[in-house]
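In the numbering used here, the protein residues as written are 35 to 296.
Each residue gets a CB set at the ideal place from its N, CA and C atoms; glycine is no exception.
Written below as structure tokens is the structure these notes are about.
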DNA sequence: ATGGCCATCGCGGATGGA
């Protein structure tokens, strides 16, 4: 079983790349659930039929111009939740679904964490409120769904190893103590960073700035994560960043992260 | 060289991303 997350920075622009990538993956083992972020389109414009023709079901939670998340899957999604229950939010950032049933069912939460702009800004304060609400909700989700995956664009690095220039970027957005404390609070719920369960090449990142030849110089950050609950940990067999789509013409600035279970 | 890109909306240039 393969799960993946990818911020595609406009599905309107990148739909052909997403379909091509799913095809490429299927040549070895198909992706079972793909979480997408930054759709940048409304639900009326979501290309359900294009995914259906490729053999995937979809649930989407979009909005005009900004944000927007979706889950693309081979199995039928149930118990679909959009955004964090009880947390008033005009921005579409979270979609959750259950796949399978009984004890083997898998709960998947796809999320586009707020950027936060800069410490001290209003957007940073929103990011902190959002993270607090997410933590409480994920805690309750874990009570009902022992097999849980929380994946998406977190817009937070775990530590210096996730940053191309940790000294130059110290305490800047994605790298502050406050953001990292929230990320560790999620880990403290009993989740594991799938990436760190395996040996990884040094300077493995998931996002590179479009400017400054960021990708070519590997000036990036690891801000896209797949967190898995305790019962899933023994099933995890690989977690990789697939840099290939970042080399496409007109690429997203993010690369997909892929987790293999079993 | 302390800025360089890209998408959206909409038709110039602001806003947001990270």
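Just to check my reading of the structure: residue i and residue j have Cβ atoms closer than 8 Å, yes? What is that Cβ distance to the nearest angstrom?
i, j, result
"residue 71", "residue 227", "Actually they do not touch by this definition, with Cβ atoms about 18 Å apart."
"residue 102", "residue 126", "5 Å"
"residue 116", "residue 95", "4 Å"
"residue 182", "residue 141", "5 Å"
"residue 69", "residue 121", "In fact, because the Cβ distance is near 19 Å, the residues do not count as touching under 8 Å."
"residue 238", "residue 197", "At roughly 11 Å, the Cβ-Cβ gap does not stay under 8 Å, so residue 238 and residue 197 are not in contact."
"residue 165", "residue 261", "Contact flag wrong, Cβ pair sits at about 13 Å."
"residue 189", "residue 150", "6 Å"
Would you call residue i buried or exposed, if buried means 16 or more other Cβ atoms sit within 10 Å of its Cβ?
i, result
"residue 246", "exposed"
"residue 282", "exposed"
"residue 286", "buried"
"residue 213", "buried"
"residue 244", "exposed"
"residue 269", "exposed"
"residue 294", "buried"
"residue 114", "exposed"
"residue 178", "exposed"
"residue 86", "exposed"
"residue 254", "buried"
"residue 211", "exposed"
"residue 258", "buried"
"residue 279", "buried"
"residue 99", "exposed"
"residue 148", "buried"
"residue 62", "exposed"
"residue 110", "exposed"
"residue 240", "buried"
"residue 112", "exposed"
Per DSSP, residue i forms a beta bridge with which residues?
i, result
"residue 259", "186"
"residue 107", "67 and 91"
"residue 144", "129 and 185"
"residue 254", "242"
"residue 112", "132"
"residue 226", "262"
"residue 36", "294"
"residue 41", "71"
"residue 275", "291"
"residue 270", "295"
"residue 197", "255"
Counting only the same chain and skipping the five closest in sequence on each side, list residues whose C-beta sits under 7 Å from that of residue i.
i, result
"residue 65", "36, 38, 56 and 59"
"residue 200", "194"
"residue 272", "232 and 294"
"residue 118", "128, 167, 168 and 171"
"residue 82", "92"
Cutting at 6 Å between CB atoms, please list the residues of its own chain near residue i, excluding the five before and the five after it.
i, result
"residue 46", "75"
"residue 290", "38, 40 and 276"
"residue 14", "Limits of the chain in this structure are 35 at one end and 296 at the other, which puts residue 14 out of reach."
"residue 132", "112, 113, 139 and 141"
Give me, in chain order, the residues of the same chain whose beta-carbon lies closer than 8 Å to that of residue i; leave out the 5 immediate sequence neighbours on both sides.
i, result
"residue 173", "223"
"residue 176", "182, 223, 224 and 263"
"residue 220", "168, 169, 172, 184 and 261"
"residue 80", "45, 73, 92, 94, 96 and 104"
"residue 123", "117 and 164"
- prompt: At a cut of 8 Å, does the segment 146-155 reach the segment 202-215 through at least three beta carbon pairs?
  reply: yes
query: Does the segment 247-261 come within contact of the segment 159-166, defined as at least 3 CB pairs closer than 8 Å?
result: no
- prompt: With contact counted as at least three CB pairs below 8 Å, one residue from each stretch, are the segment 79-96 and the segment 46-56 in contact?
  reply: yes
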